[in-house]
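Taking it in order: structure first as structure tokens, then the write-up.
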Amino acid sequence: MQSPTKQRLENAEMERFLETARLRNFKTGQTVIAAGEIPQTIHYLVEGSVEVVIETENGKELVLAFLNEGHLFGEMGFFNPSHDRSAWVRARNDCLVAEVRYEQFRDFATDNPGLMFELATQLATRLARTNSRIGGLAFLGVSGRVAQVLMELAEEPEAVIVPGGRRLKYTQPQIARIVGCSREMVSRVLKMLTSDGLISTDDGIVVWGAFDKEVVAL
């Protein structure tokens, strides 16, 4: 599947962007961006997947997002350079990342406005998802929040299409870190959804086509 950025940018434009970048390889679990760093670069995920994580006041980690091939990240300092990095970004698997200094990105985006439009599109999508999560914290129980996250993950490009549904490439502990609850609670909700015929967990988590937004009312 072609990445979202490659779909929306011309090949020549993407090639020029990558020519300005420093390519870096990261192994599974390695830190790509550390919270507290002085922001100087924006990143483009050429290959692989990363997680964006913040640490809560009680020392627990909360996953804000999983980003895949074609996503841009590290952009906050581009718009607000006075603030340090606010989140950790870690490789979920072996990754190839293109790193561009902000001044280079600004110059390139001036001559290639499609890149700024792409960045704005990705930011709007992430903001909408964040708002949905915040609304879930206010109005949904844990069961509803788990269901909401499952629907989001089923729409990710790395979800595998199977007859009648989509198989998620996420474990119960990973889902618990996104929802902000215990793995045991996620396990109970998954059992309930399985008994209702909305998902199966025999071979990974498979979200069936009947699993729609009405489930969030759980």
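Taken in order, the sequence shown gives residues -5 to 212; the numbers are from the numbering used here. Built from N, CA and C at the ideal position, the CB exists for glycine as well.
Taking only three categories from DSSP, how would you classify residue i?
i: Ala103; result: helix
i: Gly159; result: strand
i: Phe49; result: Just to set this straight, residue 49 is Glu in the shown sequence, not Phe. If DSSP states are grouped into helix, strand and coil, Glu49 belongs with the strands.
i: Ser181; result: helix
i: Gln(-4); result: Because the pLDDT at Gln(-4) is just 48, under 50, the model does not fix this residue reliably, and the value given afterwards should be weighed accordingly. Reduced to three states, the DSSP call for Gln(-4) is coil.
i: Leu17; result: strand
i: Lys207; result: With a pLDDT of only 48 at Lys207, under 50, the local geometry of the prediction cannot be trusted, and the value read off the model is given with reservation. Helix at Lys207.
i: Ser189; result: helix
i: Tyr164; result: coil
Assuming residue i and residue j are in contact, meaning their beta carbons sit under 8 Å apart, how far apart are those beta carbons, in whole angstroms?
i: Val201; j: Val173; result: That belief does not hold up - the Cβ atoms of Val201 and Val173 are roughly 15 Å apart, past 8 Å.
i: Leu58; j: Thr50; result: Not quite, the Cβ-Cβ distance comes to about 11 Å (not below 8 Å), so this is no contact.
i: Leu66; j: Gln34; result: About 15 Å separates the two Cβ atoms, so there is no contact after all.
i: Phe20; j: Val91; result: 6 Å
Residues in the same chain with beta-carbon distance under 8 Å from residue i, minus the five sequence neighbours each way, listed in chain order, please.
i: Met(-5); result: Its pLDDT being 43, under 50, Met(-5) is placed unreliably by the model, and the measurement read from it follows with that caveat. Excluding residues within five positions, the ones whose Cβ falls inside 8 Å are Pro151.
i: Thr188; result: Ser194, Thr195
Leaving out the 5 sequence neighbours to the left and right, which residues in its chain are closer than 7 Å to residue i when beta-carbon positions are compared?
i: Ile32; result: Asp78
i: Pro157; result: none
Among the residues of its own chain, which have a CB less than 6 Å from the CB of residue i, if the five just before and after it don't count?
i: Ile27; result: Gly68, Arg79, Val83
i: Ala211; result: Residue placement at Ala211 cannot be trusted, given a pLDDT of 46 that sits under 50; the coordinates are not used to answer.
i: Gly198; result: Arg161
Pick from the options: whose alpha carbon is nearest that of residue i?
i: Arg171; options: Arg16, Leu12, Lys54, Ala15; result: Lys54
i: Leu12; options: Asn106, Gly71, Phe20; result: Asn106
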